[in-house]
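Chains as they are written, first to last, in this note's numbering: chain A, 1 to 360; chain B, 1001 to 1360. Every residue gets a Cβ at the ideal spot worked out from N, C-alpha and C, and that includes glycine. Predicted, not measured: the structure shown is a model, and the values here were computed from it. Each remark here refers to the structure printed beneath this line.
2 protein chains.
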Amino acid sequence: MDRRSILKGAGVAGVLAAGVAPAVHAQPAVRWRLASSFPKSLPTLFGSAEILAQQVKAMSGGKFEISVHPAGELMPAFGVVDALQNDTIDMAQSAAYYFTGKDSIFAFSCAIPFGLTTLQMNAWKDHGNGRKLLNAFFEKYNFFTASAGNTTTQMGGWYRKEIKSPEDFKGLKMRLGGGLFGETMAKLGVVAQNIPAGDIYTALEKGTLDAVEFVGPFDDEKLGLNKVAPFYYYPGWWEASADIEFFTNIKKFNELSPENKAILMAAMRVAAAETTSAYMTFNPIALKKLVAEKTQLKMFPKSIMDAGFKAAMEVFAEHESKSAEFKKIHQDFRAFQKDQILWNRVSEFPYNQYINSIKL
Amino acid sequence: MDRRSILKGAGVAGVLAAGVAPAVHAQPAVRWRLASSFPKSLPTLFGSAEILAQQVKAMSGGKFEISVHPAGELMPAFGVVDALQNDTIDMAQSAAYYFTGKDSIFAFSCAIPFGLTTLQMNAWKDHGNGRKLLNAFFEKYNFFTASAGNTTTQMGGWYRKEIKSPEDFKGLKMRLGGGLFGETMAKLGVVAQNIPAGDIYTALEKGTLDAVEFVGPFDDEKLGLNKVAPFYYYPGWWEASADIEFFTNIKKFNELSPENKAILMAAMRVAAAETTSAYMTFNPIALKKLVAEKTQLKMFPKSIMDAGFKAAMEVFAEHESKSAEFKKIHQDFRAFQKDQILWNRVSEFPYNQYINSIKL
Chain A
1 MDRRSILKGA GVAGVLAAGV APAVHAQPAV RWRLASSFPK SLPTLFGSAE ILAQQVKAMS
61 GGKFEISVHP AGELMPAFGV VDALQNDTID MAQSAAYYFT GKDSIFAFSC AIPFGLTTLQ
121 MNAWKDHGNG RKLLNAFFEK YNFFTASAGN TTTQMGGWYR KEIKSPEDFK GLKMRLGGGL
181 FGETMAKLGV VAQNIPAGDI YTALEKGTLD AVEFVGPFDD EKLGLNKVAP FYYYPGWWEA
241 SADIEFFTNI KKFNELSPEN KAILMAAMRV AAAETTSAYM TFNPIALKKL VAEKTQLKMF
301 PKSIMDAGFK AAMEVFAEHE SKSAEFKKIH QDFRAFQKDQ ILWNRVSEFP YNQYINSIKL
Chain B
1001 MDRRSILKGA GVAGVLAAGV APAVHAQPAV RWRLASSFPK SLPTLFGSAE ILAQQVKAMS
1061 GGKFEISVHP AGELMPAFGV VDALQNDTID MAQSAAYYFT GKDSIFAFSC AIPFGLTTLQ
1121 MNAWKDHGNG RKLLNAFFEK YNFFTASAGN TTTQMGGWYR KEIKSPEDFK GLKMRLGGGL
1181 FGETMAKLGV VAQNIPAGDI YTALEKGTLD AVEFVGPFDD EKLGLNKVAP FYYYPGWWEA
1241 SADIEFFTNI KKFNELSPEN KAILMAAMRV AAAETTSAYM TFNPIALKKL VAEKTQLKMF
1301 PKSIMDAGFK AAMEVFAEHE SKSAEFKKIH QDFRAFQKDQ ILWNRVSEFP YNQYINSIKL
């Protein structure tokens, strides 16, 4: 316990001794603000920030509180990194790959094409070099990250027409996430369209868009995309998992007491675990509903996967040639992935191959 | 903040005001004891209990401490459930399926043959009915459980001879976990041998044992089993994942302040997440080492998987006919699993099928 927190503790106790306990709750010793890049209408994503706030308050007995703000309330969805840099906010919740315009390295913290699956991503960050390398990079932006939950493997998007070969991507007007995936799809001839979430449905209905990739069944079903595009492709090879994260202001974190530091870190773990489990639980339920409403599930043919892989590797090579730091992180990521593939081949994969093939 | 914790807070502050701060750490307000079923020599498993203790201490500022004891120190490895029932300990760390001798329902909280994989198991407990159903059952033993980390998909064991068909299981002297898996293997003709971990190596070397199943590469390699059995089979269809858990004494938990309750729950999340990531990270490293030392990796042929599945389903049917509670939990587990299989088929599985097949 450092001197500052001892003083704080004594201050709180003074109030208690005077018999005005309720004042403690009215005036938390530490009050933080978190800005999310997600709207309230995405309950798993924004819900993760709400879990964080509830946990921090409960563990600290109300002495540390975080007010959480959906996208647009304090600043635009993508303004959160700038706000951390200029100390306007204490925390953010976002997907790091939204910020590849600042630096492509951001993508590694969330998802890259042909990347790691959920447990692999956690492992790279927790016990591989992932967290260490990424937080050394994020330091220049005045934050460090920790998981807020993983969407698990995403779908490959909604299409008005079947995608039978790489040729079918040429000229396709598609709403898609940016960053390294956007660059990869551009190589395949996709014409990326920037359309706000609220306008996607209409654009797809009218044919302003030919295709949309968003997240997975649970989130996609909320947009009603199945009503205007019959084909739902898998797997989402650009997001084998997508780690949504909390971005914590380093300066503000360093001002916390040791107890509050530990409480914040643990609260993020709770939010991450519950959010990943939520995606695992609710995706199949939404998928069944979509299939009942006549959505046609289609697997990307191997020719598409091969073309996507080739294009993605070209994109990575280009970035590696421009940035030694990008290269270092990418090489570490792939080395870790190679070991994970070796392990997956003799563990979950052959197990799933059997259990997915029988009548349970 | 309840009255009790307010008084505690004031007491601590009084000590601080008197300038004898170190006494706070010397005398934690709450001191718990945890008994593990695992030895210190299994660093991922016992390490999870150590993370728990470190987290609780850090978050509470030393006001809540848990002393953690490896198997045998306070009581034998399998004495922990009795010790929770008679309030000898505040917590345990164990694998619930060790206690199927008390009731077969215990197995659902850890692993059953042809069960859920890691993320699926977390989801069943966090957002399905798993935790609710199991903790209602555990109440009669005076504890509730939460994950301490998952071993992830286990291997199918070490064999002195190749296992080419179900016939090869007949009369096979094998060291294996008990419970529903033991009953399943007995149906296949396996003669289960109860041999302490320390004697496994010698027994396998001498031929007292024909086969051994333990955990996965990281833990197995420590026993040196590769030196006395050449064949290492996969997948471990009886432990598609194995959830190691903390068992918390309900009476003692109810005596904690709201802050300490939240701190304990969050600390378990930290320990679980880091432990699962440790298995994911260290299993492939150990696997590469084993393969370099000439271990022959073999996949169980489909005839074995089919025979195992048939035997397992017979075991489940027998238990269902004897216990309505077993049936209720098993049916809920399988309904959840069916949805998970639907989801896996269009998400991680086809992704892994591709990424595992190419040269990265």
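- By the Cβ-count criterion, A136(A) is exposed, with fewer than 16 other Cβ atoms from all chains shown falling within 10 Å of its own Cβ.
- In the displayed model, F38(A) falls within coil according to three-state DSSP, outside both helix and strand.
- Along the stretch 1275-1309 of chain B, the positions whose C-beta sits under 9 Å from a C-beta of chain A are T1276, S1277, A1278, Y1279, M1280, T1281, F1282, N1283, P1284, I1285, L1287, K1288, V1291, L1297, M1299, F1300, K1302, M1305, D1306 and F1309, read in chain order.
- For the pair G216(A) and P1166(B), the Cα-to-Cα distance works out to about 40 Å.
- In this chain, the alpha helix (DSSP H) harbouring I341(A) covers A324 to V346.
- Bridge partners of K298(A) according to DSSP: Y233(A).
- V190(A) has a beta carbon lying at 8 Å or more from every beta carbon in chain B.
- Rounded to whole angstroms, H127(A) and L119(A) show a C-alpha spacing of 12 Å.
- Judged by DSSP secondary structure, R175(A) falls within the beta strand (DSSP E) whose first and last residues are K173 to R175.
- Using a Cβ-Cβ cut-off of 8 Å, T1145(B) is close to nothing in chain A; its nearest Cβ partner there is about 15 Å away.
- For the 8 Å CB-CB criterion, A271(A) and G149(A) form a contact.
- A residue is called buried when at least 16 other Cβ atoms come within 10 angstroms of its Cβ; P196(A) does not meet this threshold and is exposed.
- Close to P350(A), with beta-carbon spacing below 7 Å, are these residues of chain B in chain order: Y1234, P1235 and M1299.
- Per DSSP, reduced to three states, the secondary structure at E65(A) is strand.
- For D1243(B), the beta-bridge partners assigned by DSSP are N1150(B).
- A straight line joining the alpha-carbon of Y1232(B) with that of T117(A) spans about 25 Å.
- At a beta-carbon threshold of 7 Å, the residues of chain B lying near R334(A) are L1360, ordered along the chain.
- For A53(A), the enclosing alpha helix (DSSP H) begins and ends at P43 to S60.
- Rounded to the nearest whole angstrom, the CA to CA distance from N226(A) to G157(A) is 10 Å.
- Of all residues in the stretch 1039-1066 of chain B, the ones placed with a Cβ closer than 8 Å to any Cβ belonging to chain A are Q1055, A1058, M1059, S1060, G1061 and G1062, in chain order.
- G157(A) is bridged by DSSP to Y233(A).
- Using a CB distance cut-off of 8 Å, N356(A) counts as an interface residue toward chain B.
- For the pair F246(A) and M280(A), the CB atoms are not nearer than the 8 Å cut-off.
- For the stretch 76-104 of chain A, the continuous beta strand (DSSP E) assignments of 3+ residues that do not extend past its boundaries occur at 91-94, in sequence order.
- Burial is judged here by how many other beta carbons sit within 10 angstroms of a residue's own beta carbon; R1031(B) has fewer than 16 and is exposed.
- For the stretch 1321-1346 of chain B, the set of positions with a beta-carbon nearer than 9 Å to some beta-carbon of chain A reads R1334, F1336, Q1337, K1338, D1339, Q1340, I1341, L1342, W1343, N1344, R1345 and V1346 in chain order.
- Note that the C-beta distance between S37(A) and A71(A) is below 8 Å.
- Of all residues in the stretch 1114-1131 of chain B, those with a C-beta nearer than 7 Å to a C-beta of chain A are F1114, T1117, T1118, L1119, Q1120, N1122, A1123, D1126, H1127 and G1128, reading in chain order.
- Assignment of Q27(A) by DSSP, reduced to helix, strand and coil, places it in the coil class.
- M121(A) and F1300(B) have their C-alpha atoms some 28 Å from each other.
- Under the DSSP assignment, V1191(B) falls in the beta strand (DSSP E) whose first and last residues are V1191 to Q1193.
- F1214(B) sits in coil when the DSSP states are folded into three classes, being neither helix nor strand.
- Distance from the Cα of I329(A) is smallest, within the candidate group E50(A), T88(A), K132(A) and F309(A), for K132(A).
- One Cα belongs to A1107(B), the other to S1041(B), and the distance between them is close to 24 Å.
- The distance from the Cβ of S1104(B) to that of L1180(B) is about 6 Å, consistent with a contact at the 8 Å cut-off.
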